[in-house]
Amino acid sequence: MLNPVKNTKVYEVIMEEIKDIVKKGELKSGEKLPSERELADKLEVSRTSVREALKALTMLGLIESKHGEGNFIKSNFENSLLEPLSIVFLLIGSKNEDIIELRRIIEPEAAGLAAKNITESELRDLKEIMKELNNSLDAEICAQLDKKFHYKIAQASGNHLISTIMFSISSLIEKYIDSSRIHNINKKVVKLQHEEIYKALESRDSKKASEYVKKHLELGII
Numbered sequence: 016m017l018n019p020v021k022n023t024k025v026y027e028v029i030m031e032e033i034k035d036i037v038k039k040g041e042l043k044s045g046e047k048l049p050s051e052r053e054l055a056d057k058l059e060v061s062r063t064s065v066r067e068a069l070k071a072l073t074m075l076g077l078i079e080s081k082h083g084e085g086n087f088i089k090s091n092f093e094n095s096l097l098e099p100l101s102i103v104f105l106l107i108g109s110k111n112e113d114i115i116e117l118r119r120i121i122e123p124e125a126a127g128l129a130a131k132n133i134t135e136s137e138l139r140d141l142k143e144i145m146k147e148l149n150n151s152l153d154a155e156i157c158a159q160l161d162k163k164f165h166y167k168i169a170q171a172s173g174n175h176l177i178s179t180i181m182f183s184i185s186s187l188i189e190k191y192i193d194s195s196r197i198h199n200i201n202k203k204v205v206k207l208q209h210e211e212i213y214k215a216l217e218s219r220d221s222k223k224a225s226e227y228v229k230k231h232l233e234l235g236i237i
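Numbering (this note's numbering), first residue to last: 16 to 237.
What follows is the structure in structure tokens.
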């Protein structure tokens, strides 16, 4: 399972060893890692080096520490991409439009997949979100519900990587872009387009679901 470590950058090699056992399926999402002492003994390294490796893996979002319980492989990776994306967004001088363009590339494809994979339970969830949005008069709440609607579609795609990326994109939008632009959107148009998307998903029409999401994003809602 684990191999002894002989390297000057000990903590980096420990990280690779732990990542390797995850890749091999020896440790799965949500499962507990061996204790620091066990890792140190098996890898023939100091507990200090193990601690450094675990800290680095926590920062990368691969593992999480639970007080009094130990370290676990993360079972929810939605937040793991947000901080790295935020840093990249700032360092490379990305514009708000870059985030919107990324959405326009990913979401129509996600909707096409969702039309094939969506469950009855997920359709009911979408219906409930639409109902809440239609009944709300608060622009901020409407913006949040629209994001929730799109994220639910990403989840329904059945592709966890897509839904994780979509969650991070939505969080970036929330963090950097003024959602008040929802004020400028005709609510009746939003309602109509949501209904079109929903009907396409319900009828398992991938082509129409993709087209309707693309049209919806052209409204400028983010």
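For every residue, glycine included, the Cβ atom is placed at its ideal position computed from N, Cα and C. Note that the structure is a prediction, hence the values are computed from the model and not measured.
- Scanning A55, L176 and L207 for the CA closest to the CA of L148 turns up L207.
- For L117, same chain residues with a beta-carbon under 7 angstroms away, outside a window of 5 residues either side, are I184 in chain order.
- Our two residues, E112 and A55, have alpha carbons roughly 48 angstroms apart in a direct line.
- Pairing A129 with S172 gives a Cβ-Cβ distance under 8 angstroms.
- For the pair K34 and G83, the Cα-to-Cα distance works out to about 23 angstroms.
- Between K81 and Q170, the alpha-carbon positions lie close to 26 angstroms from each other.
- Taking all protein chains shown into account, H175 has fewer than 16 neighbouring C-beta atoms within 10 Å of its C-beta and is therefore exposed.
- Between V204 and P123, the alpha-carbon positions lie close to 18 angstroms from each other.
- Looking at the backbone, the Cα of D161 and that of M145 are separated by about 8 angstroms.
- Annotation for N111: the continuous alpha helix (DSSP H) segment containing it runs N111 to N132.
- CA-CA distance, Y227 to M30, rounds to 44 angstroms.
- Distance from the CA of G85 to the CA of L58, rounded to the nearest whole angstrom, comes to 18 angstroms.
- For K81, no alpha helix (DSSP H) segment is defined; the enclosing uninterrupted segment is the beta strand (DSSP E) at I78 to K81.
- I107 is positioned such that its CB atom lies no closer than 8 angstroms to that of K89.
- One alpha carbon belongs to E211, the other to K230, and they sit about 10 angstroms apart.
- Counting only residues of its own chain and dropping the five nearest sequence neighbours on each side, S61 has a CB closer than 7 angstroms to the CB of A55.
- Around the beta carbon of L152, fewer than 16 other beta carbons lie within 10 angstroms, which makes this residue exposed.
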